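Visitor:
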Amino acid sequence: MSILSKAISGVQLYGGATVDEGFSNSVDLGDMAVKTSEFVGNTSDVLINTLNETVLYRVCGERKANSTGLALYYPLWENNDELQEYMEISNSVKYKEFLRKICTQCNVEDSSNTEDFNSSWAWNTYNQDMQTMEYKTILDGNSYELNILGNMDMFKNV
């Protein structure tokens, strides 16, 4: 394991982190910047300062003390199937390039190698769902109301 890999393996994780739970590969961006600062130099400080300006409210307990308020997908274990799935839903060409560079053992295809997220299957599925129903919330004092209008066929089997 390289020194960089060891540094990253100690980054604050969120979500599943065992075989039983599944692996979310969601890591804290700020903690990652701190742990890899010797490899990226001043970039780490710039990122941490930007996070401190961007994240307006942060609460964390003892077990997540290194949390900075923003997490990202980072494949801690190289897995072709998982990375392929991520390539299909991500809309960031630069981030996909980054993932390819860190996942040297994976061989993935990127059929959606475009910055036009509107043509991706993820957007089309989301857009179709949003056309199926319109919802709104009404907050009044201490009460909360959810109104759902539209085609309710999607709820038949729930």
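Per UniProt numbering, the very first residue in the sequence shown carries number 1; after that it's consecutive. We put the CB at the ideal spot given by N, CA and C, even for glycine. Fair warning: this is a prediction, and the values are worked out from it, not measured in the lab.
1) Suppose the cutoff is 8 Å on Cβ atoms and the five residues either side in sequence are ignored; what does the same chain contact list for S44 look like?
2) Could you please give the first and the last residue of the uninterrupted alpha helix (DSSP H) stretch that includes Y95?
3) For N80, which residues of its own chain have a beta-carbon under 8 Å away from its beta-carbon, when the five flanking residues on both sides are left out?
4) For my contact list, G61 and I48 are in at a C-beta cut-off of 8 Å; report their separation, rounded to the angstrom.
5) Classify G22 as helix, strand or coil using the three-state DSSP reduction.
6) What did DSSP end up calling Y86 once you bin it into helix, strand or coil?
7) DSSP three-state label for L72, please.
8) Would you kindly check if the distance between the Cβ of G69 and the Cβ of V55 is under 7 Å?
Guide: Considering the structure as presented:
1) A33, V34, T36, S37
2) 93-102
3) C106, N107, V108
4) With a Cβ gap of about 21 Å, G61 and I48 do not count as contacting.
5) G22 sits in a strand when the DSSP states are folded into three classes.
6) Here Y86 carries a helix assignment [DSSP, helix/strand/coil].
7) strand
8) yes
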